[in-house]
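Below is one structure, written out as structure tokens; comments come after it.
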Amino acid sequence: MADYDKVFAESITNPDVFWAKAAADIDWYQTWEAVLDASNPPFYRWFTGASMNTCYNAVDRHVAGGRGDQVAIIYDSPVTGTVSKITYRHLQDNVARLAGVLRQLGVEKGDTVIIYMPMIPEAAYAMLACARIGAVHSVVFGGFAANELAVRINHAQPKILLTASGAIEGKKTLAYKPIVDEAAGIADHKFKHCVVLQRPFIHAELHPGRDLDWNEALVNAPAVDCVPVAATDPLYILYTSGTTGMPKGVLRDNGGHAVALLWTMKAIYNIDQGDVFWSASDVGWVVGHSYIVYGPLLKGATTVLYEGKPIGTPDAGAFWRVIAQHRVKSLFTAPTAFRAIKKEDPNGTFIAQYDLSRFEALYLAGERLDPDTYHWASKLLKVPVIDHWWQTETGWAIAANCRGIQELPIKPGSPTKAAPGYDVRIVDGAGKEVGPNTEGNIVVKLPLPPGTLVTLWRNDERFVQSYMSTFPGYYETSDGGYIDEDGYIFVMGRMDDVINVAGHRLSTGAMEEVIATHPDIAECAVIGTEDPIKGQVPVGLFVLKSGVERNVDEIKAELVKMVRDKIGAIACFRESSAVARLPKTRSGKILRGTMRSIAAGKQYRAPSTIDDPAILEEISETLKDMGIRRTS
């Protein structure tokens with residue numbers, strides 16, 4: 001094992017040498033002119049002048065290296081009763097022919113393609129097929145409503161949309177095609193073709209001329225080879241919530257992304273070629289991109305693609321069954337999954353039914369790992385429970401216990417120390433660095449390591465404004481916390497109004513925009529409150545228009561439906577209450593942060609600019625009546 005401190009120091013003091021060593025594990029058509037191009041900060045570029053192909057490195061080179069018969073993907077779908085194993089050779093064939101379909105439909109290098117699919121192998125094929133021909137993919141989570149999909153269609157401007165006829169969500173079947181059709185009607189941008197995978201349990205109606213059947217299109221499609229792309233060319237766009245309600249299109253490059261993710265598989269997760277790695281996420285999120293598809297396949301590992309839930313498919317032993325059946329070495333999921341399992345099976349009785357002897361580590365991320373969940377999982381599983389912290393923007397861990405370098409002692413509540421490549425600091429509101437155990441803004445000194453966002457899609461100005469302008473020379477994570485005397489990072493929560501629901505970042509501002517359109521509502525606020533299962537859930541407070549005398553419960557039910565229709569069920573918006581007024585500053589700014597503190601039972605100080613301090617007690621009583629306000 002290496003020494004963490006030495007590895008980390010080299011990554012910060014000599015990043016060119018550090019990442020050149022990591023890049024030696026990638027196959028290049030042409031090597032770089034510069035490892036790091038720092039000529040135009042904050043627009044740093046990695047491996048300029050080099051060319052490669054991400055799909056070749058994730059698929060073809062393993063076949064060329066004689067490992068075509070190794071299993072690349074284990075598709076495990078308890079909702080459909082399906083388990084299948086896809087070898088690297090089979091993966092190569094499917095991806096090459098799907099790339100041929102895209103080419104026949106006019107998709108060329110640099111074009112964009114939206115992928116709106118459930119957790120099935122074809123979703124991975126679609127991502128890799130785009131990478132194979134240099135197209136830029138944007139995966140949109142299948143749970144998003146038509147309006148949200150339309151926003152992304154307008155912004156990404158795809159030439160083609162790839163989808164499936166539907167998915168099984170819990171005990172219900174969700175048809176995707178009507179959502180796609182509605183989104184296509186709403187969007188100003190019109191994609192040329194929609195390729196639809198018909199699933200056995202639900203049939204999609206196809207529009208002549210625009211829509212094609214996935215399997216029929218594959219029949220006559222040629223298998224196409226990988227296209228060399230510049231290391232700095234875009235690989236994918238992934239949208240993340242913005243506080244304005246307009247999503248931000250995080251842009252990932254090809255070269256730096258491949259180098260970083262391949263390096264992390266061993267350094268952070270201690271995964272080698274042939275090991276079975278399972279990330280229980282969704283391809284619609286960054287975890288699915290990085291650690292269901294690209295990371296494990298770049299490493300030549302076997303990745304588990306799971307179409308199911310931690311509970312209810314069929315029970316709270318679902319995860320243990322998958323680990324035992326497929327000999328999983330490491331699992332990566334969100335703490336919310338384990339809170340759900342803990343609620344259903346608090347004593348871990350299901351664990352005893354399965355052989356977990358090959359299971360070595362549990363990795364949790366997506367939201368803060370609360371100490372209770374950490375201790376519960378550690379006691380029952382008897383393996384290291386590794387908290388690590390990162391964001392859609394970074395693409396891989398900012399802070400992590402790097403088991404492939406040197407496993408550090410765990411401090412519950414901390415993801416341990418910064419991962420190599422990330423120079424993490426804590427600064428106050430003026431940008432001045434603070435000492436140990438002092439809370440402040442968590443920032444990362446530039447340049448960010450490879451694999452992180454290079455800009456926002458078609459919006460360099462917003463990239464600078466959102467991440468680089470508040471603290472010049474630093475990347476603003478928008479998270480708050482502190483670093484202790486041992487260098488351990490403690491992430492305490494968001495500094496803005498984006499909440500984390502079951503590991504999914506959602507904008508409360510977007511929910512407010514929906515609620516504000518209700519004809520009976522004058523103004524509203526949505527805040528995130530603590531939830532024992534999902535981490536956070538949104539709660540709405542609204543002021544009725546003068547003269548409205550309708551039943552408030554009817555209005556609250558309508559708000560639930562509106563948010564569900566516009567944003568999706570994933571928002572988990574269920575609780576709201578009418579109030580006489582909202583707390584504001586004299587300038588009219590709603591004091592959401594103060595309300596969050598009240599809801600959490602934290603001590604708070606009424607801002608000096610508050611219009612009427614008495615209103616805070618009214619809000620406190622309202623939250624108490626809703627069963628939300630906690631005692632200190």
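Numbering-wise, the sequence shown is residues 1 to 632 according to the numbering used here.
Glycine included, every Cβ here is placed at the ideal spot set by N, Cα and C.
Would you decide whether Ala557 is buried or exposed? Buried here means 16 or more other CB atoms lie within 10 Å of its CB.
Under this definition Ala557 is an exposed residue.
Pairing CB atoms from the region 321-336 with CB atoms from the region 293-300, are three or more of them under 8 Å?
At 8 Å Cβ cutoff, the stretches do not touch.
Measuring CA to CA, which of Val276, Ile615 and Ala316 is closest to Thr645?
The shown model of the chain, from 1 to 632, leaves out residue 645, and the question about it has no answer.
Based on Cα-Cα distance, which residue from Asp345, Pro15 and Tyr363 lies nearest to Ala399?
Looking at the Cα atoms, Tyr363 is the closest of the given residues.
Tell me whether the region 133-147 and the region 560-570 touch, counting them as touching only if at least three CB pairs, one residue from each stretch, are closer than 8 Å.
Contact holds: three or more Cβ-Cβ distances are below 8 Å.
Here's the rule I'm using: 16 or more other beta-carbon atoms within 10 Å means buried, otherwise exposed. How should Pro41 be labelled?
Classification of Pro41: exposed, given that the 10 Å Cβ count is below 16.
Can you list, in chain order, the stretches of the alpha helix (DSSP H) that have 4 or more residues and sit fully within the region 309-369?
Fully enclosed alpha helix (DSSP H) runs of 4 or longer: 318-326 and 335-344.
Going by beta carbon distance, what residues of the same chain come within less than 7 Å of Thr455, once the five residues before and after it are set aside?
So the list reads Phe43, Leu251 and Phe463, once near-sequence residues are dropped.
Indicate the three-state DSSP secondary structure (helix, strand or coil) for Arg696 in the structure shown.
There is no way to answer for residue 696, as the model of the chain reaches only from 1 to 632.
Can you tell me whether DSSP reads Thr392 as helix, strand or coil?
Note: Thr392 maps to coil in three-state DSSP.
Return the Cβ separation of Leu305 and Ala600 in integer angstroms, given the expectation that the two are a contact with Cβ distance under 8 Å.
Incorrect: roughly 37 Å between the Cβ atoms, too far for contact.
Can you tell me whether Pro15 is helix, strand or coil according to DSSP?
Helix at Pro15.
Which parts of the region 396-483 are runs of the beta strand (DSSP E), unbroken and 3 residues or longer, counting only runs that do not cross its ends?
Correct list: 423-427, 440-445 and 474-483.
Quick one: Cα of Val180 to Cα of Asp111, how far?
If you take the alpha carbons of Val180 and Asp111, they lie about 20 Å apart.
Exposed or buried, what is Asp423 when buried is set at 16 or more other beta-carbons lying within 10 Å of its beta-carbon?
Result: buried.
With Ala334 and Gly288 assumed to form a contact (beta carbons below 8 Å), what rounded beta-carbon distance in angstroms separates them?
Between Gly288 and Ala334 the Cβ distance is about 12 Å, and since that is not below 8 Å, they are no contact.
Can you name the residues that DSSP bridges to Gly249?
In the DSSP output, where bridge partners are listed per residue, Gly249 has Tyr239.
Residue range of the beta strand (DSSP E) that Leu162 falls in?
Residues Ile160 to Ala164.
Closest to Trp390 by CA distance: which of Leu331, Ala419, Ser378 and Tyr374 is it?
For the residues Leu331, Ala419, Ser378 and Tyr374, the minimum Cα distance to Trp390 belongs to Ala419.
Between the Cα of Asp5 and the Cα atoms of Val552, Val526, Pro538 and Gly487, which residue gives the shortest distance?
For Asp5, the nearest C-alpha among the options comes from Gly487.
Between the C-alpha atoms of Tyr116 and Pro436, what's the straight-line distance to the nearest angstrom?
Their Cα atoms are separated by approximately 45 Å.
Glu621 to Val491, Cα distance in whole Å?
Each residue's alpha carbon lies about 30 Å from the other.
For the region 204-213 against the region 344-356, do three or more pairs of beta-carbon atoms, one drawn from each stretch, fall closer than 8 Å, so that the two count as touching?
Not touching, per the Cβ criterion.
Apart from the five residues on each side of it in sequence, which residues of its chain come closer than 7 Å, Cβ to Cβ, to Ala221?
Once the five neighbours on either side are set aside, the close Cβ partners of Ala221 are Arg97, Gly100, Val101 and Gln104.
Can the beta-carbon of Glu344 be found less than 8 Å from the beta-carbon of Val79?
Result no, Cβ atoms of Glu344 and Val79 do not sit closer than 8 Å.
Taking buried to mean at least 16 other C-beta atoms within 10 Å of its own C-beta, is Gly274 buried or exposed?
Label assigned to Gly274: exposed.
Who does Ile168 pair with in a DSSP beta bridge?
Note: Ile168 sits in a beta bridge opposite Thr173.
Can you give, in chain order, each stretch of the beta strand (DSSP E) that sits fully within the region 133-157 and has at least 3 residues?
Counting only runs of 3 or more, we get 136-139.
Using only the alpha-carbon positions, how far apart do Met246 and Ala2 sit?
The alpha-carbon atoms of Met246 and Ala2 are separated by roughly 44 Å.
Would you decide whether Ala614 is buried or exposed? Buried here means 16 or more other CB atoms lie within 10 Å of its CB.
When all chains shown are included, Ala614 counts as exposed.
Count the other CB atoms, across all protein chains shown, that sit within 10 Å of the CB of Ser51; report buried if there are 16 or more and exposed otherwise.
Buried, because 16 or more other Cβ atoms sit within 10 Å of the Cβ of Ser51.
Candidates Gly473, Lys417 and Asp484: which alpha carbon is nearest Glu439's?
Ranking the options by Cα distance to Glu439, first place goes to Asp484.
Quick one: what's Asp387 bridged to in DSSP?
Answer is Leu364, bridged to Asp387.
Would Ile590 pass as a contact of Gln536 if the rule is Cβ separation under 8 Å?
Going by C-beta atoms, Ile590 is not nearer than 8 Å to Gln536.
Helix, strand or coil for Arg61? Go by DSSP, reduced to three states.
Residue state, collapsed to three classes: helix.
Gly473: buried (16+ other C-beta within 10 angstroms of its C-beta) or exposed?
The residue in question, Gly473, is exposed, as its Cβ has fewer than 16 Cβ neighbours within 10 Å.
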